[in-house]
Amino acid sequence: MITLDEYVIKKQNEHPGATGELTALLGAIKLATKVVNREINKAGLVDIIGTTGVENIQGEVQQKMDLFANDKFKAALEARGQVCGIASEEDDEEVIFNTKTGNNCKYVVLMDPLDGSSNMDVNVSVGTIFSIYRRISPLGQPATLEDFLQPGSEQVVAGYVMYGSSTILVYTTGNGVHGFTCDPSLGVFYLSHENITFPDNGSIYSINEGNYLKFPLGVKKYLKYCQEIDEPTKRPYTSRYIGSLAPDVHRNMLKGGIYIYPSTASAPNGKLRLLYECNPMAFLVEQAGGKATDGFQRILDIEPTEIHQRVPFFCGNTNMVEDVEAMMAEFSADCDSRK
Ligand code: AHM
Ligand code: MG
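Residue numbers (the numbering used here): 174 to 512.
Next up, the structure:
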């Protein structure tokens, strides 16, 4: 049994120049994860589910656990002293750790501390999604907005934690995707899923079909394709949608499938946020042998312009994503943001 700490240190030792800063940073994320996990497990017993009644900058009502998780991750990351700033779904702007220690740190973290949090009300899986970049501004000064607005291809680490029937932390440093399951009696994450890769053929599609009438024609055509009967291609595919990005993508990576949150008539850029939802998931999906696009271009190549920017998101088995891309190109080229 290899623990997360042992695994990260082993990987660190394979890089002669490694300083251990990234290892310490991941340690902070792991610590906050355990605190959040403990609290989630008490949902229903103590007053932690439901909304605060307050909206975030994106007009979404914050859940009590959104704020709890946000505070815990920020506190753990600042205390560990490896991060010069954080951008979070729950904060209006980037938070800069403008202290002597903070200004000398190399990394920024972007995160959604508790994604899909409304699922908690009904005991359904939620997740934490995170993305780590090397800062581009000079050391010794406060981090700048540009440190956060880097394309996803510059990510150093990306990962998610899924608080499900068990709690699993999955991450990549660009060297495969590895998952660690928490033993609840010890609070220790053990390597349980080394080198996760998509199976060759996927047969699951995940999308909020309630929005069907608002989807681009290319997506509508693809959904009909998924539902057609065709023995050789194992269609009809199975529809599975939790409404929590990390668990939905986790299932599709392990079992084979596609996740889609497209543009809609009322939300031309879709719902999901590029920097702390789509980029980290795209990095993981590519590392697992899959593909992630906005229907037309690679997610990781998009140059961000703002922290809470939204983007349509298609990710999963490469062949499935390419099938829907072909239909988007044929029927919905007007949705290509580059045109
Ligand atoms: P959140 O960040 O406000 O929790 O929203 C993100 C979540 C994703 O996890 C999920 O895939 C999607 O929103 C579900 O949205 P919808 O309810 O529109 O299907
Ligand atoms: Mg979210």
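Glycine residues also receive a C-beta, built at the ideal position from the N, C-alpha and C atoms.
- Taking I230 as the centre and dropping the five residues before and after it, the same chain places the C-beta of D265 closer than 6 Å to its C-beta, in chain order.
- In the three-state reduction of the DSSP assignment, V295 falls in the helix class, which pools H, G and I.
- Counting other Cβ atoms within 10 Å of its Cβ, I377 reaches 16 or more and is therefore classed as buried.
- Applying a distance threshold of 6 Å between residue Cβ atoms and the heavy atoms of ligand 2 selects E262, D285, D288, E450, given in chain order.
- The straight-line gap separating the alpha-carbon atoms of D356 and N210 is approximately 12 Å.
- In the three-state reduction of the DSSP assignment, H423 falls in the helix class, which pools H, G and I.
- Of all C-beta pairs linking the segment 430-446 to the segment 472-484, three or more are shorter than 8 Å, placing the two stretches in contact.
- At least one heavy atom of ligand 1 is found less than 8 Å from the C-beta of N384.
- For T346, the secondary structure class from DSSP, reduced to helix, strand or coil, is coil.
- C355 sits in a strand when the DSSP states are folded into three classes.
- Between the alpha carbons of A506 and Y432 lies a gap of roughly 20 Å.
- C278 carries a coil assignment under DSSP once its states are collapsed to helix, strand and coil.
- Closest option to L473, judged by alpha-carbon separation, among L195, M174, K512, Q323: Q323.
- Set against 8 Å, the gap from the CB of Y434 to the closest heavy atom of ligand 1 is smaller.
- Leaving aside the five residues that flank Q185 on each side, the residues in its chain whose CB is nearer than 8 Å to its CB run, in chain order, A191, G193, L195, T196.
- Assigned with DSSP and collapsed to three states, I202 falls in helix.
- Closest in alpha carbon position to Y180, among K397, D496, V361, K394, is V361.
- Apart from the 5 residues on each side of it in sequence, S365 sits with its Cβ closer than 8 Å to the Cβ of I341, G352, F353, T354 in its chain, given in chain order.
- F487 is bridged by DSSP to I433, T466.
- According to the DSSP assignment, E228 belongs to the beta strand (DSSP E) that extends over 224-228.
- Distances taken from the Cβ of K273 to the heavy atoms of ligand 1 include none shorter than 8 Å.
- Of D373, F303, V297, N214, the smallest CA-CA separation from V494 is found for D373.
- If you draw a straight line from the Cα of V234 to the Cα of G223, it is about 10 Å long.
- Comparing alpha carbon positions, the residue from D496, Q236, E228 closest to I221 is Q236.
- Shown here, P372 sits in coil according to DSSP, grouped into three states, outside any helix or strand.
- When the five nearest sequence neighbours on each side are left out, the beta carbons in the same chain lying within less than 8 Å of the beta carbon of D496 are those of Y395, Y398, in order along the chain.
- When rounded, the separation of the alpha-carbon atoms in Y385 and L359 is 45 Å.
- Rounded to whole angstroms, the separation of the alpha carbons of E503 and L390 is 9 Å.
- About 17 Å separates the beta carbon of E267 from that of D239, a gap too long to meet the 8 Å contact definition.
- The C-alpha of M335 is placed about 17 Å away from the C-alpha of F241.
- Straight through space, the alpha carbons of V282 and P435 are spaced by roughly 26 Å.
- G375 and G430 do touch by the CB rule: their CB atoms are close to 4 Å apart, below 8 Å.
- Straight-line measurement puts the Cα of L418 at about 28 Å from the Cα of I402.
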